[in-house]
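What follows is one structure encoded as structure tokens, with my remarks underneath.
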Amino acid sequence: MTGGAPVLVVGSGPVGLTLTCELVRRGTAVRTIERVAVRERESKGIWIMPRTLEIFDSFGIADHLIAKGQQLVANDIYTRNRRIASVGYGRIGPTRYPFALVIPQWEVEDALNEVLARWGGRVETTTALEGVEQGPDGVTATLRRDGGEVEHARVGWLVGCDGRTSPTRDMLGIGFEGERYETTLLLADAVLDGEVARDRSHTFQGTSGAFIAVPLPGGLTRAVVYGPPTEGRVEPTLDRIHELMHQHGPAELSLRDPRWLSAFRIQRRMADRLRLGRCLLAGDAAHVHSPFGGQGMNTGIQDATNLGWKLAAVAAGTAGEDLLDSYEVERHQVAERVLADTHRQTRAFLDVSGPRAVVRDLAVRTMSAAGVLDRRIGTSLAGYFDSYRTSPLAHRRDRGPTPQPGDHVPDVPLDGPGTTGTVHGLLAPDQLTLLLLADPARTGDDPALATLAKRVEQDGRVAVRTATNGPELAAALGAPHGAALLVRPDGYLVCRTRLRSAEHLLEHAALLAPSPTRLLAAAVPDPGLRDLERTDTR
Ligand SMILES: Cc1cc2nc3c(=O)[nH]c(=O)nc-3n(C[C@H](O)[C@H](O)[C@H](O)COP(=O)(O)OP(=O)(O)OC[C@H]3O[C@@H](n4cnc5c(N)ncnc54)[C@H](O)[C@@H]3O)c2cc1C
Numbered sequence: 061m062t063g064g065a066p067v068l069v070v071g072s073g074p075v076g077l078t079l080t081c082e083l084v085r086r087g088t089a090v091r092t093i094e095r096v097a098v099r100e101r102e103s104k105g106i107w108i109m110p111r112t113l114e115i116f117d118s119f120g121i122a123d124h125l126i127a128k129g130q131q132l133v134a135n136d137i138y139t140r141n142r143r144i145a146s147v148g149y150g151r152i153g154p155t156r157y158p159f160a161l162v163i164p165q166w167e168v169e170d171a172l173n174e175v176l177a178r179w180g181g182r183v184e185t186t187t188a189l190e191g192v193e194q195g196p197d198g199v200t201a202t203l204r205r206d207g208g209e210v211e212h213a214r215v216g217w218l219v220g221c222d223g224r225t226s227p228t229r230d231m232l233g234i235g236f237e238g239e240r241y242e243t244t245l246l247l248a249d250a251v252l253d254g255e256v257a258r259d260r261s262h263t264f265q266g267t268s269g270a271f272i273a274v275p276l277p278g279g280l281t282r283a284v285v286y287g288p289p290t291e292g293r294v295e296p297t298l299d300r301i302h303e304l305m306h307q308h309g310p311a312e313l314s315l316r317d318p319r320w321l322s323a324f325r326i327q328r329r330m331a332d333r334l335r336l337g338r339c340l341l342a343g344d345a346a347h348v349h350s351p352f353g354g355q356g357m358n359t360g361i362q363d364a365t366n367l368g369w370k371l372a373a374v375a376a377g378t379a380g381e382d383l384l385d386s387y388e389v390e391r392h393q394v395a396e397r398v399l400a401d402t403h404r405q406t407r408a409f410l411d412v413s414g415p416r417a418v419v420r421d422l423a424v425r426t427m428s429a430a431g432v433l434d435r436r437i438g439t440s441l442a443g444y445f446d447s448y449r450t451s452p453l454a455h456r457r458d459r460g461p462t463p464q465p466g467d468h469v470p471d472v473p474l475d476g477p478g479t480t481g482t483v484h485g486l487l488a489p490d491q492l493t494l495l496l497l498a499d500p501a502r503t504g505d506d507p508a509l510a511t512l513a514k515r516v517e518q519d520g521r522v523a524v525r526t527a528t529n530g531p532e533l534a535a536a537l538g539a540p541h542g543a544a545l546l547v548r549p550d551g552y553l554v555c556r557t558r559l560r561s562a563e564h565l566l567e568h569a570a571l572l573a574p575s576p577t578r579l580l581a582a583a584v585p586d587p588g589l590r591d592l593e594r595t596d597t598r
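In our numbering, the protein residues as written are 61 to 598.
This is the structure in structure tokens:
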């Protein structure tokens, strides 16, 4: 038996790598194992959405990926080859990344591997998880190396990021219910000849399927065709893709010089639970769905970021294990939403013909004209729609303007005089941050804020940052001068209050400053929290 790292991450796909980076950057000792020697360099998941770009920015790789990728501002939707609607990524609210980035998955994995190496982490390749046994104090993981050598490693926590067929999930006996669609999806990364704008993707709706063209960097295009129901395995040939593409889209478009061809039956499944004792699941191990909307990899990466700071705090002993329950609550509902949305959208393309197609097109047109597609689908695809308002970490009675507790705090630029950076740049990576918003006219001589900042800072459990509150920041955060926001390391709001006086503030400093475990307790109504709950920040 070998003793060792508090955390074992199984799998080095984009999700395992993101989680490893999140742990390593917080100083958590982690072992990450990967069954294969080298992962295939396939383009697979090509969409990086704005919320994921924010996470990558915190790793220092967003600009590098943006320089290598293709930016898309919208997805245009066509019926009988006429454009009827558009879903824009540019009007999703305050974001520094008002576009979707398209880049092959292996480029993202390369960038994550480089960050990990820079931060002193590494992946143990050709090492497979073969068995899991857990008790109240830890997990014994049976690992087998390529040469046959077996190790029984004792760890505190184990996270299965081992993909759709997750051995971790199977070994834990966690169900993965769902269904397999009857259609096969065919993909080609190739040169597309014909008139197609390259700043957007194009979805051509047919009556028994769809053709989607997504511009890739380097002059290539990802062609995706959803065909009619199929039996058995379908070979992904360019001829077959052409045939379906012309059935659903314009005859004048054609593909040549394919770099990658693939075919797979899509599935819609979700793990019954994301945590069983000291073992957790993230990414494809926890949920798989139709690739419509490019959500798979993004959802998994956001799982990893949600889990990273919590697991680091629990492993370091600064938070109780119950903090991990919030991971399950928050990410299970996101996965449910993603599965439902992608299913609805996939069905709308696969099943609809005759009068139902006319109704569908009318609905899509009307929603597009009213901006509903941008607000609902654009925001959802971008990764900003999901909120953790029902989480035990969100102060439930604080119902002011958005963002409300549980919502994502927009990563807007700090707009006060002499300030630089963005709101997320102020957040401490391993602590809750108390963000105090000061009036520019009163900055420097506001003893209430200064006293509070000092007091909470001395307490040491919560980082304190003061931002000069200009009009744009106030609007984005729904908070005027004197407001205090308690924000999680992953950028979600815990609670917000108006600071009426230093005394009032100091009274609540202890309540505003607990460790995450105390926050769980604080989510239960408590007379001492009444003023916080009566948030009136307008
Ligand atoms: C053809 C195709 C197209 C796709 N298109 C899109 C898209 O457009 N947009 C999108 O967002 N997503 C897309 N996806 C999905 C995306 O690729 C996945 O969501 C993503 O790879 C999931 O990452 P992951 O890290 O959870 O799992 P994976 O990438 O599957 O990685 C799991 C890793 O775990 C390792 N492993 C497994 N078992 C063990 C074990 N016992 N011990 C040690 N290691 C183990 C595996 O070797 C693997 O490296 C596509 C997928 C495919 C196949």
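Virtual Cβ for every residue (Gly too), placed ideally from N, Cα, C.
Task: Distance, V398 Cα to R449 Cα - done: 17 Å
Open item on the list: Among Q405, R229, L410 and K370, whose alpha-carbon lies nearest the alpha-carbon of L433?
Closed with: Q405
TODO: Pick out the complete alpha helix (DSSP H) segments inside the stretch 276-344, 4 residues or longer, and give them in chain order.
DONE: 298-308
- [ ] Assign A127 to buried or exposed, taking buried as 16 or more other Cβ atoms, counted over all protein chains shown, within 10 Å of its Cβ.
- [x] exposed
- [ ] With DSSP collapsed to three states, give me the class of T365.
- [x] helix
TODO: Let me know the secondary structure DSSP gives N141 once reduced to three states.
DONE: coil
Open item on the list: For R214 and T200, what's the separation of their Cα atoms in angstroms?
Closed with: 5 Å
- [ ] Please determine, among A373, V133, H212 and G73, the residue with the shortest C-alpha to C-alpha distance to Q194.
- [x] H212
Task: CA nearest to the CA of D253, picked from T297, D317, E100 and P351 - done: D317
Open item on the list: Measuring only the C-alpha atoms, how far is C555 from L487?
Closed with: 15 Å
TODO: Would you check if the distance between the CB atom of T228 and the CB atom of V70 is smaller than 8 Å?
DONE: yes
Open item on the list: Which residue wins for smallest C-alpha separation from E532, given the options V483, G356 and L77?
Closed with: V483
Task: P351 Cβ short of 7 Å to ligand 1 heavy atom set - done: yes
TODO: Assign H349 to one of three DSSP states: helix, strand, or coil.
DONE: coil
Task: Segment contact flag, the stretch 308-327 with the stretch 233-253, C-beta cutoff 8 Å, min 3 pairs - done: yes
Task: Cβ-based burial, K514 [other Cβ within 10 Å; buried from 16] - done: exposed
TODO: Taking 8 Å as the threshold, find out whether the stretch 104-122 comes into contact with the stretch 413-426 through three or more Cβ pairs.
DONE: no
- [ ] Return the chain-ordered list of same chain residues with a C-beta closer than 6 Å to the C-beta of G354, the five sequence neighbours on each side being excluded.
- [x] W107
TODO: Go ahead and pull the three-state DSSP assignment for G191.
DONE: strand
TODO: Classify D550 as helix, strand or coil using the three-state DSSP reduction.
DONE: coil
Open item on the list: On the DSSP letters alone, give me the boundaries of the alpha helix (DSSP H) that V98 sits inside.
Closed with: Taken as a continuous stretch (DSSP letters only), V98 belongs to no alpha helix (DSSP H), as it is neither H nor E.
Open item on the list: Only counting the same chain, and skipping five residues up and downstream in sequence, which positions put a Cβ closer than 6 Å to that of P275?
Closed with: Q130, R258 and T281
- [ ] Tell whether a beta-carbon distance below 8 Å holds between L497 and A543.
- [x] yes
Task: Buried versus exposed, by CB contacts within 10 Å (16 or more), A331 - done: buried
Open item on the list: For ligand 1, is there any heavy atom lying closer than 7 Å to the beta carbon of C221?
Closed with: yes
TODO: Leaving aside the five residues before and after G377 along the sequence, list all residues of the same chain whose C-beta is less than 7 Å from its C-beta, in chain order.
DONE: none
TODO: Measure the Cβ-Cβ separation of N366 and E390 and say whether it is below 8 Å.
DONE: yes
Open item on the list: Excluding the 5 residues flanking N173 on each side, which residues of the same chain have their C-beta closer than 7 Å to its C-beta?
Closed with: L77
- [ ] Tell me whether C555 sits in a helix, a strand or coil according to DSSP, three-state version.
- [x] strand
Open item on the list: Nearer than 7 Å: is that true of the beta carbon of A283 relative to any heavy atom of ligand 1?
Closed with: no
- [ ] Flag this pair as yes or no: are the beta carbons of A270 and H308 separated by less than 8 Å?
- [x] yes
Task: C-alpha gap between R156 and V192, whole angstroms - done: 42 Å
Task: Q464 vs L537 beta-carbon contact at 8 Å - done: no
Task: Helix, strand or coil at T127 according to DSSP, with G and I counted as helix - done: Position check: residue 127 holds Ala in this sequence, whereas Thr was assumed. In the structure shown, A127 sits in a helix (DSSP, three-state: H, G or I).
Open item on the list: Tell me the rounded alpha-carbon separation between P470 and G551.
Closed with: 8 Å
Task: G198 vs G220 beta-carbon contact at 8 Å - done: no
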